[in-house]
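Below is one structure, written out as structure tokens; the observations come after it.
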Amino acid sequence: MSETNYFRLIEAYFDGSIKPEQKLMLESKIETDPLLKAEFNLQQNIINGIGDIRRQQLKARLSSVDVSGSGSMLFGSSVKWLAGTLAMVTIFSTFLYWYMSNLEDRPLELSAENMVSFKEEAFTLPIPTPTVTSDDDALAESTVNNTVKKEDSSEKFNTVAKNVRENRTEKSAKAKPQELVTFKDDINFAPYKDKEFSKTIERDISRNVSAETEIEFLSSVKSDSYHYRYFNNKLYLYGEFENEPYEIIELHNKGHKQLFLSYQNDIYSIKNNMTNITPLQKVEDEMLIMELKLIIDEK
Amino acid sequence: MKLSDADIIEKIRNGDETALDFLYKKHYRMMVSMILRNNGTEQEALDIFQDALIVFWQKAKSDDFKLTSKISTYLFSVCQNLWRKELDRKRKFEESDKEDSEENNFEQQEMIKIIHDCINELGESCKQILTYHYFDGMSMEKIAEKMGLANSDTAKTKRYKCKKRLDELIRSRYTSSDFLD
Numbered sequence: 001m002s003e004t005n006y007f008r009l010i011e012a013y014f015d016g017s018i019k020p021e022q023k024l025m026l027e028s029k030i031e032t033d034p035l036l037k038a039e040f041n042l043q044q045n046i047i048n049g050i051g052d053i054r055r056q057q058l059k060a061r062l063s064s065v066d067v068s069g070s071g072s073m074l075f076g077s078s079v080k081w082l083a084g085t086l087a088m089v090t091i092f093s094t095f096l097y098w099y100m101s102n103l104e105d106r107p108l109e110l111s112a113e114n115m116v117s118f119k120e121e122a123f124t125l126p127i128p129t130p131t132v133t134s135d136d137d138a139l140a141e142s143t144v145n146n147t148v149k150k151e152d153s154s155e156k157f158n159t160v161a162k163n164v165r166e167n168r169t170e171k172s173a174k175a176k177p178q179e180l181v182t183f184k185d186d187i188n189f190a191p192y193k194d195k196e197f198s199k200t201i202e203r204d205i206s207r208n209v210s211a212e213t214e215i216e217f218l219s220s221v222k223s224d225s226y227h228y229r230y231f232n233n234k235l236y237l238y239g240e241f242e243n244e245p246y247e248i249i250e251l252h253n254k255g256h257k258q259l260f261l262s263y264q265n266d267i268y269s270i271k272n273n274m275t276n277i278t279p280l281q282k283v284e285d286e287m288l289i290m291e292l293k294l295i296i297d298e299k
Numbered sequence: 001m002k003l004s005d006a007d008i009i010e011k012i013r014n015g016d017e018t019a020l021d022f023l024y025k026k027h028y029r030m031m032v033s034m035i036l037r038n039n040g041t042e043q044e045a046l047d048i049f050q051d052a053l054i055v056f057w058q059k060a061k062s063d064d065f066k067l068t069s070k071i072s073t074y075l076f077s078v079c080q081n082l083w084r085k086e087l088d089r090k091r092k093f094e095e096s097d098k099e100d101s102e103e104n105n106f107e108q109q110e111m112i113k114i115i116h117d118c119i120n121e122l123g124e125s126c127k128q129i130l131t132y133h134y135f136d137g138m139s140m141e142k143i144a145e146k147m148g149l150a151n152s153d154t155a156k157t158k159r160y161k162c163k164k165r166l167d168e169l170i171r172s173r174y175t176s177s178d179f180l181d
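Order-wise, the sequence lines are chains V and L. Be aware that the first sequence starts at 1, since it is given in the UniProt record's numbering, and climbs by one per residue. Be aware that the second sequence starts at 1, since it is given in the UniProt record's numbering, and climbs by one per residue.
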């Protein structure tokens, strides 16, 4: 094959139109012919140069994109969700505070229907009631007291209540969090500013182990499921949490906080003021999951 | 504006660069934070994220490209890999003989500069057609459509002439003997 044809093969090589046998032929010729090798290298550099120019064009385009909106967590989808949750929690907390203030003066009114419903659940699913030790747990305490009072009216209920109390004593285990990651990062929620970004991130990853949230373990409501209650800085976890280490991530924003539980490769959101036993909801937002995993991986 | 992953891939395959703008804006904070948290500077973080998007841009154009995860997950992995490579490159550079590598680098840089200068001396349409063909891997039909040319044959002829002109420009500044040194 003439030299000119080899040059055409080089062109076909960079076009992507070269056939496999031609490619082998070209490669073996390049090894023995310095001039052809020089031409090949030149063409390689030209194609790379064209790629560089295109990359510069695309990068210049990207650099001119206004990212002030996306830089701020306030506009991120995960934060919209978080902000929404915090707003809901705030409203709910206010309502709960008002309700609990009144609760001290009047007993909880439980209808007979409610009582029967509890009874049925108790037979099929032995729900252990958490040990309530703090005076702050007014709602939990009054719920337990009222329930027990109502149970006195039925012999069956007495048995159930006894079982529940026994379960409570045997299975409840009070524990501090293994690690509580706390983000005091109000700035994280502020709009992004170019020059301050590095500083923001440095502050972003600062964290403290907090002992504010107390965790208590209770046996599961249903097998292979996880439930929780969370109020007055006390988190009651229902389920088998002994298998793997868990982690609690606590995000703070302007006096409000949002908890997440990381357990067995899943992340669950924990809403505040959940006085009823609630199934743990997995976080579905992939970006939020990534952010939380980054936080966890930072340790 | 909300775009699904499939919409974005479709846009990229049509050479619509607004898909890149969308992805850049959407994932900017997330990706840049990852680099910053791993000892990168802000400029490095921007470079890596932009490079990752360009890698995605090129990959997504390929016919045999199949997205097996969300685009965000894919981009995150590319960013991580690019950043690992960059850290590795920096470490190797610090360990190597700097004088020797700088000398070799200088020759290479000089050659690259000549090539860049020559490309920039071509007209805008030549630059476009060459970059669309060699970098974006666009078909001649798509190039003709995008550049408002009569048909794919016109695009093909124009591409050939532009490449020939570029080769001549570069050769006039850099002789074969220089390449053989």
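Note that beta-carbon positions come from the ideal geometry of N, C-alpha and C, so glycine has one too.
If you draw a straight line from the Cα of Val78(L) to the Cα of Pro245(V), it comes to about 30 Å. Relative to the Cα of Asp136(L), the nearest Cα in the group Leu36(L), Leu122(L), Ser33(L) and Asp63(L) belongs to Asp63(L). Annotation: the continuous alpha helix (DSSP H) that includes Ser72(L) extends over Ile71 to Glu95. Assignment of Glu240(V) by DSSP, reduced to helix, strand and coil, places it in the coil class. The DSSP-derived three-state label of Pro279(V) is strand. For Asp266(V), not one C-beta of chain L is nearer than 9 Å to its own C-beta. Taking C-beta atoms as the reference points, Lys293(V) and Ile277(V) fail to come closer than 9 Å.
C-alpha of Asn272(V) to C-alpha of Asn265(V): approximately 22 Å in a straight line.
The C-beta of Arg29(L) has 16 or more other C-beta atoms within 10 Å across all chains shown, which makes the residue buried. Around the Cβ of Asn243(V), a 10 Å sphere holds fewer than 16 other Cβ atoms; the residue is exposed.
When the five nearest sequence neighbours on each side are left out, the beta carbons in the same chain lying within less than 7 Å of the beta carbon of Glu240(V) are those of Ser220, in order along the chain. Judged by pairs of C-beta atoms under 8 Å, the region 85-94 of chain L does not touch the region 112-131 of chain L, as fewer than three such pairs exist. Beta-bridge partners assigned by DSSP to Ile270(V): Leu259(V). Gly123(L) has a beta carbon lying at 9 Å or more from every beta carbon in chain V. Distance from Leu259(V) to Glu250(V) at the Cβ level is roughly 5 Å; contact confirmed, criterion being Cβ atoms closer than 8 Å. Per the DSSP secondary-structure output, Tyr230(V) pairs in a beta bridge with Leu235(V) and Met274(V).
Within the DSSP secondary-structure output, His252(V) pairs in a beta bridge with Lys257(V). Closest in alpha carbon position to Val283(V), among Thr85(V), Asp297(V) and Thr213(V), is Thr85(V). For Glu10(L), no chain V residue has a C-beta closer than 9 Å to its own C-beta; the minimum C-beta separation is roughly 18 Å. In the three-state reduction of the DSSP assignment, Ile114(L) falls in the helix class, which pools H, G and I. A straight-line Cα-Cα distance of about 9 Å links Leu42(V) and Ile170(L). With a cutoff of 9 Å on beta-carbon distance, Ile143(L) and Tyr132(L) are scored as near each other.
Taking 8 Å as the upper bound for CB-CB distance, Leu122(L) and Leu166(L) are in contact here, some 6 Å apart.
The beta carbon of Asn151(L) is closer than 7 Å to those of Ala144 in its chain, skipping five residues each way along the sequence. With respect to the 9 Å criterion, Asp16(L) and Ile71(L) are not classified as neighbours on the basis of their beta carbons.
By the 16-neighbour rule on beta-carbons within 10 angstroms, Ser269(V) is buried.
At a cut-off of 9 Å between beta-carbon atoms, Asp51(L) makes contact with chain V.
Listed along chain L, no residue sits closer than 8 Å to Asp285(V) by beta-carbon distance, the nearest being about 10 Å off. Among the residues facing chain V, Gly137(L) is included, as its CB has a counterpart in that chain under 9 Å away.
Of the candidates Tyr226(V), Leu218(V) and Tyr97(V), Tyr97(V) places its Cα closest to the Cα of Asn232(V). Counting only the Cα atoms, Glu291(V) lies some 45 Å from Cys118(L). Listed along the chain, the chain L residues whose CB falls inside 7 Å of the CB of Asp52(V) are His116. With respect to chain L, the C-beta atom of Phe14(V) has a partner C-beta closer than 9 Å. Within 10 angstroms of the beta-carbon of Arg159(L) lie 16 or more other beta-carbons, which makes it buried. Gln57(V) belongs to the set of residues whose beta carbon lies under 9 Å from a beta carbon in chain L.
Per DSSP, Glu214(V) is one residue of the beta strand (DSSP E) stretching across Glu214 to Leu218.
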